[in-house]
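Student:
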Amino acid sequence: MKLRILATIILATLSSLSAQLEKVEHKPNPTQMVDFGDLAEGPYQKLVIRNAMVIPGHGGPANGPFDILVTGNVIAKIQRHDPKKPDRMKGDRIIEGDNLFVMPGMLNLHLHLRNKSLPLDYIFYLQLATGVTSIGPAEEGRIQNILEAERNNEVISPRLFPLYGWGSKTDFDEEFRMDPANADKVAKKMIKNGVRQVYLNNLCWNPTMFGAAANAIEKAGGITAVHIQPSSTSQVNALDAARLGVTMIVHH
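According to the working numbering, the sequence shown is numbered sequentially starting from -2.
(1) From this set, Ala184, Lys186, Glu38 and His249, which residue's C-alpha is nearest isoleucine 92's C-alpha?
(2) Does at least one heavy atom of the ligand NAP sit under 7 Å from the Cβ of alanine 239?
(3) Is the region 42 to 59 close to the region 82 to 100, with three or more CB pairs under 8 Å?
(4) Using only alpha-carbon positions, find the residue among Gly208, Ile46, Asn149 and Ile188 that is nearest to arginine 85.
(5) Exposed or buried, what is glutamate 137 when buried is set at 16 or more other beta-carbons lying within 10 Å of its beta-carbon?
(6) Just the Cα atoms here: how many angstroms apart are arginine 240 and glycine 219?
(7) Note down, one range per segment and in chain order, each beta strand (DSSP E) of at least 3 residues found wholly within the region 163 to 206.
(8) How long is the line joining the alpha carbons of isoleucine 246 and alanine 211, rounded to whole angstroms?
(9) On the DSSP bridge list, what partners appear for glutamate 93?
(10) Taking just the CA atoms, how far does aspartate 32 sit from isoleucine 94?
(11) Using C-beta distances below 6 Å, list every residue in its chain close to lysine 309, excluding the 5 sequence neighbours before and after it, in chain order.
(12) Does the beta-carbon distance from leucine 44 to aspartate 118 come in below 8 Å?
(13) So, helix, strand or coil for isoleucine 143, using DSSP?
(14) In whole angstroms, what separates the C-alpha of proline 159 from that of aspartate 79?
(15) Given a cut-off of 8 Å on the beta-carbon distance, is the pair glutamate 147 and serine 154 in contact?
(16) What is the DSSP secondary structure of serine 131, counted as helix, strand or coil?
(17) Excluding the 5 residues flanking serine 207 on each side, which residues of the same chain have their C-beta closer than 7 Å to its C-beta?
(18) Report the residue ranges of all alpha helix (DSSP H) runs contained in full by the region 214 to 239; include only those spanning at least 4 residues, in chain order.
(19) Assign glutamine 76 to buried or exposed, taking buried as 16 or more other Cβ atoms, counted over all protein chains shown, within 10 Å of its Cβ.
(20) On the DSSP bridge list, what partners appear for lysine 74?
(21) Could you check whether leucine 157 and isoleucine 132 sit closer than 8 Å to each other, using their CB atoms as the reference points?
(22) Using a 10 Å radius around the Cβ and a threshold of 16 neighbouring Cβ atoms, would you call leucine 125 buried or exposed?
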């Protein structure tokens, strides 16, 4: 199966981390369609996936068949497939879903892109082909110059949510950032400036600051992660990190 078909079907039911966040907006009416040759094209004003079985995101069995209408990057409607229905869904492109399954896009929240000899395209296509539609690169530097292109559908990739250190994308000085009383202000500024995942590694030495940052980021609409180094376990170990509110522990 071509990557284009597989990626399109998977993307159709993406329940993305970005859905509730201000900076990453749904685009129900794309201004233009991008054609990537044999690999991909879209988004469409109206894309219809017809007669497909749907695997729900709650772990239940597949159900259907359904017809699915996607406008831009928004799932607008899902209805039971009825081949005899005169007003069945129509679109700019129809994917016949006979014998196919549509699944929610998976999120790979921690992905390392260390090997610069490995092209990013290869990594992105591999993720999409295996059902991953959003990734969280642990090293934001390598993908900084393509973040805008990804959001504008100029490159083929999963949605990118790189990990940033506490206080990144703000102009607060260190004294201000490291005061727990200012955690909410720092978190809101980070989220406003496009940060979605925050690495708390450099706060493990200070459990009070660690907890304040974890909770502030969650309230602001983001998530947090931590790589607990052996040198940090005397201050914050895995149980401590969980109790203090970190979203996920990626390494220990």
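Beta carbons: idealized from backbone N, C-alpha and C, even for Gly. Note that the structure is predicted; figures quoted are calculated from it, not measured.
Tutor: Looking at the atomic coordinates:
(1) Glu38
(2) You won't find the ligand NAP in this model; it holds no ligand whatsoever.
(3) Yes: at least three Cβ pairs fall under 8 Å.
(4) Ile46
(5) buried
(6) 18 Å
(7) 194 to 196
(8) 12 Å
(9) When DSSP reads this structure, glutamate 93 sits in a beta bridge with Arg47.
(10) According to the sequence provided, residue 94 is glycine. The question's isoleucine does not apply to it. Roughly 22 Å separates the two Cα atoms.
(11) This structure cannot speak to residue 309, because the chain is shown only from -2 to 249.
(12) no
(13) helix
(14) 42 Å
(15) Contact: yes.
(16) Serine 131 falls in the strand class under three-state DSSP.
(17) The residue asked about is misnamed: residue 207 is phenylalanine in this sequence, not serine. If we look at phenylalanine 207 and ignore the five residues flanking it on each side, its Cβ neighbours are Leu197, Leu200, Cys201, Val233 and Leu241.
(18) none
(19) exposed
(20) For lysine 74, which the question treats as bridged, DSSP gives the partners Leu66.
(21) yes
(22) buried
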